[in-house]
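K.L.:
Structure incoming, see below.
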Amino acid sequence: MAFSLRLTFVRRVSSSAFLFRAEVDDEVVLYLLLDREAGSVRPADEDGRPVGVRRLDLNDGTFHSVNADQDFVLLASHLAAQ
Numbered sequence: 001m002a003f004s005l006r007l008t009f010v011r012r013v014s015s016s017a018f019l020f021r022a023e024v025d026d027e028v029v030l031y032l033l034l035d036r037e038a039g040s041v042r043p044a045d046e047d048g049r050p051v052g053v054r055r056l057d058l059n060d061g062t063f064h065s066v067n068a069d070q071d072f073v074l075l076a077s078h079l080a081a082q
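Dropping the structure here:
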């Protein structure tokens, strides 16, 4: 179980997309792309390009993935709640 979570804004990727660095217990776990136009939070690389098919739908809170690991679910949910 995680003891600390940190989401750090990295940069604006486009007019509607924002890149965040997500850390659990002071280790970078993944980067998240919050895209308001697409209505989703997705894993991304350090440059803000989406990676894989996992995503959190911001409209209804549904996770779309065949493999939504615990860190992604926890961090994407936290970011969406902010």
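The sequence shown finishes on residue 82 if you use UniProt numbering, and the numbering steps up by one all the way, no holes.
Glycine included, each C-beta is placed from N, C-alpha and C at the ideal position.
If we count the other Cβ atoms within 10 Å of its Cβ and call it buried at 16 or more, is Gly52 buried or exposed?
P.N.:
When all chains shown are included, Gly52 counts as exposed.
K.L.:
Just how far apart, CA to CA, sit Asp57 and Phe63?
P.N.:
Going by the C-alpha atoms only, they are around 6 Å apart.
K.L.:
Cα separation between Asp26 and Asp45?
P.N.:
Cα-Cα distance, rounded: 18 Å.
K.L.:
Are Phe18 and Leu30 touching if we call contact CB-CB under 8 Å?
P.N.:
No; because the gap between Cβ atoms is not below 8 Å, this pair is not in contact.
K.L.:
Just tell me which of Arg36, Ser4, Thr8 has its CA closest to the CA of Ser14.
P.N.:
The option with the nearest alpha carbon to Ser14 is Arg36.
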